[in-house]
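Peer 1:
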Ligand code: ZN
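In my numbering, the protein residues as written are 258 to 730.
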């Protein structure tokens, strides 16, 4: 692109999906080793903005030590006669895409979760100042979003300064999220889709409804509407809701069609309010994951910032790996924190009644949205660190899933007519360290087995003639 002649590295869409591994990185900003980091966009009055101004508060790239992780904040301030504060979220989310256009510069996640890396190669090519990154952002923002008339960029790498602005940024995000609450999915006829993450997860389409934030937690339905109107050819588009096929699970004909089209027929069906069956796809930038724990028949939740292993013995990164990539993984569900505040949150699975464990930090943030009678029944790492401890905690506190354990036991004992003709989502029905099976004269032993089934038929040898079958959801 000729508009970047004075930038020492290439700039273009082709670099969007580029990953920079630790061995290839010169320095990184934010990420898991740095607690305070943020990106923020603000709409200002024209007289407050000096167009094209780039400010660096703290050490610049060339003053940094190779291999280190730095505190980081980026503030984008914009002005223009048609700009409203409602557009701040949309503008802010573009930082992700535009940073990734820069060769050898990687941007992951959003808001207070950002993680950026500069490659050794690009540093050696001369990308040694935030001035260049600021220039690229300034030009891309103004050419892609012409309603931005003036824009200035400030980079913060001074640790103390980042710390002091971090809390303010959190307050701004909270206020923005609170503004978007209240509208119901039933009250609108349009949803919005976001394909911004397809560079990393090619079959992923975020479906953004009033009561379901984007996975990244950075785009509300209002943001979606604003983005689609100011940049109709951009990554955020309108989805006509169409016919409601299932109110409980959240299936809509228009959503199915849009997702099918945008995922090139890879995904044909989406249930918005459940982690089972056809759950919403998960990109890679989700703020947290809801993961099914078969031993207690409930969902655990773990967020990106959680450092320890979660209650099932797996770290966030491991759970995220088995969830991400634009797939629909039964029982693994990438979510935003704001979605946990929604009445539609895992509605078809029982909502908060089905949540059994989450880190204390997240619980504090969403506490006011957990039904009062359940708050003390949902465990954190302070209550349970293993599944066994969790079982004991849930029993002791009489968590609603415990009631379900009894039903399960009864269901297995009773014979239930199995053929309903309805498609039943698969979920693990048997989990065992060793599971011996006998078939056709062979004995097969499965180690660490998880069996997924649409229907379970249990026949004891004695009742073989009666042919008892047990249907199970
Ligand atoms: Zn994403």
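The beta-carbon is built from N, C-alpha and C at its ideal position, and this holds for glycine as well.
What alpha helix (DSSP H) runs, 4 residues minimum, are completely inside the stretch 283–371?
Peer 2: Here the runs fully enclosed are 345–357.
Peer 1: Measure the alpha-carbon distance for residue 610 versus residue 267 and round it to whole angstroms.
Peer 2: Sequence index remark: in the chain shown, residue 610 carries index 353 (1-based). Sequence index remark: in the chain shown, residue 267 carries index 10 (1-based). C-alpha separation (whole angstroms): 51 Å.
Peer 1: Threshold first: 4 residues or longer. Then list the alpha helix (DSSP H) segments lying entirely within the stretch 575–637, N to C.
Peer 2: Entirely contained in the stretch 575–637, the alpha helix (DSSP H) runs reaching 4 residues are, in chain order, 617–623.
Peer 1: Taking residue 284 and residue 321 to be in contact with their CB atoms under 8 Å, please state how far apart those CB atoms are, rounded to whole angstroms.
Peer 2: The count along the chain shown starts at 1 and reaches residue 284 at position 27. The count along the chain shown starts at 1 and reaches residue 321 at position 64. That pair is a contact at about 5 Å.
Peer 1: What residue from 497, 592, 531 has the CA that sits closest to residue 476's CA?
Peer 2: In the chain shown, counting from the first residue as 1, residue 476 sits at position 219. Cα-wise, what sits closest to residue 476 is 592.
Peer 1: Is residue 590 near the ligand ZN - that is, is its Cβ less than 8 Å away from at least one heavy atom of it?
Peer 2: Position 333 of the chain shown holds residue 590. Not under cutoff, so the answer is no.
Peer 1: Measuring from each Cβ to the nearest heavy atom of the ligand ZN, keep the ones under 6 Å and list them in chain order.
Peer 2: Selection output, chain order preserved: 454, 472, 473, 540, 542.
Peer 1: Check whether the Cβ atoms of residue 332 and residue 356 sit closer than 9 Å, and answer yes or no.
Peer 2: Residue mapping note: residue 332 aligns to position 75 of the chain shown, counting from 1. Residue mapping note: residue 356 aligns to position 99 of the chain shown, counting from 1. Their beta carbons are not under 9 Å apart, which means residue 332 does not touch residue 356 by this criterion.
Peer 1: Taking the C-alpha atoms as reference points, what is the distance between residue 518 and residue 580?
Peer 2: Position 261 of the chain shown, counted from the first residue, corresponds to residue 518. Position 323 of the chain shown, counted from the first residue, corresponds to residue 580. In a straight line, the C-alpha of residue 518 is about 22 Å away from that of residue 580.
Peer 1: Rounded to whole angstroms, what is the Cα-Cα separation between residue 682 and residue 636?
Peer 2: The residue you call residue 682 lines up with position 425 of the chain shown. The residue you call residue 636 lines up with position 379 of the chain shown. At residue 682 the pLDDT is 45, less than 50, meaning the model places this residue with poor confidence; the figure from the coordinates comes in the next sentence. Distance between the alpha carbons of residue 682 and residue 636: 27 Å.
Peer 1: Ignore the nearest five residues each way along the sequence and tell me which others in residue 297's own chain have a CB closer than 6 Å to its CB.
Peer 2: Looking up residue 297 in the chain shown gives position 40. Here the set comprises 332, 426.
Peer 1: Do residue 434 and residue 598 have their beta-carbon atoms positioned less than 9 Å apart in this structure?
Peer 2: Here residue 598 refers to the residue found at position 341 when the chain shown is read from its first residue. Here residue 434 refers to the residue found at position 177 when the chain shown is read from its first residue. Yes, the Cβ-Cβ distance between residue 598 and residue 434 is below 9 Å.
Peer 1: Take residue 697 and list the residues in its own chain whose beta-carbon comes closer than 7 Å to its own, dropping the five residues that flank it on each side.
Peer 2: Here the question's residue 697 lines up with position 440 in the chain shown. Its pLDDT being 48, under 50, residue 697 is placed unreliably in this model, and the value from its coordinates should be taken loosely. Hits under 7 Å: none found.
Peer 1: Can you round the beta-carbon distance between residue 532 and residue 606 to whole angstroms, since I take them to be within the 8 Å contact cut?
Peer 2: Along the chain shown, one-based indexing puts residue 532 at 275. Along the chain shown, one-based indexing puts residue 606 at 349. Yes, residue 532 and residue 606 are in contact; Cβ-Cβ is about 6 Å, under 8 Å.
Peer 1: Can you grab the Cα-Cα spacing for the pair residue 461 / residue 451, in whole Å?
Peer 2: Stepping through the chain shown from its first residue, residue 461 is reached at position 204. Stepping through the chain shown from its first residue, residue 451 is reached at position 194. Roughly 9 Å between the two C-alpha positions.
Peer 1: State the Cα-Cα distance for the pair residue 700 and residue 549, rounded to the nearest angstrom.
Peer 2: In the chain shown, residue 700 corresponds to position 443, counting from 1. In the chain shown, residue 549 corresponds to position 292, counting from 1. Any reading at residue 700 needs caution, since the residue's pLDDT is 49, under 50, leaving its predicted position unreliable; the model's value is listed next. Rounded to whole angstroms, residue 700 to residue 549 spans 30 Å at the Cα level.
Peer 1: Quick one: grab the DSSP three-state call for residue 496.
Peer 2: Taking the first residue of the chain shown as position 1, residue 496 is located at position 239. In the structure shown, residue 496 sits in a strand (DSSP, three-state: E or B).
Peer 1: Per the DSSP calculation, residue 404 is bridged to which residue(s)?
Peer 2: Here residue 404 refers to the residue found at position 147 when the chain shown is read from its first residue. None; residue 404 has no bridge partner.
Peer 1: Please classify residue 226: is it buried, with 16 or more other beta-carbons within 10 angstroms of its beta-carbon, or exposed?
Peer 2: Past the boundaries of the shown model lies residue 226; the chain is included only from 258 to 730, so the question cannot be answered.
Peer 1: Quick check on residue 600: buried or exposed, where buried means 16 or more other Cβ atoms within 10 Å of its Cβ?
Peer 2: Within the chain shown, numbered from 1, the residue matching residue 600 stands at position 343. With fewer than 16 other Cβ atoms within 10 Å, it is exposed.
Peer 1: Using C-beta distances below 6 Å, list every residue in its chain close to residue 418, excluding the 5 sequence neighbours before and after it, in chain order.
Peer 2: Residue mapping note: residue 418 aligns to position 161 of the chain shown, counting from 1. Excluding sequence neighbours, residue 418 sits near 314.
Peer 1: Given 8 Å as the limit, is there contact between the stretch 404–413 and the stretch 374–382, that is, 3 or more CB pairs closer than that?
Peer 2: The stretch 404–413 is not in contact with the stretch 374–382.
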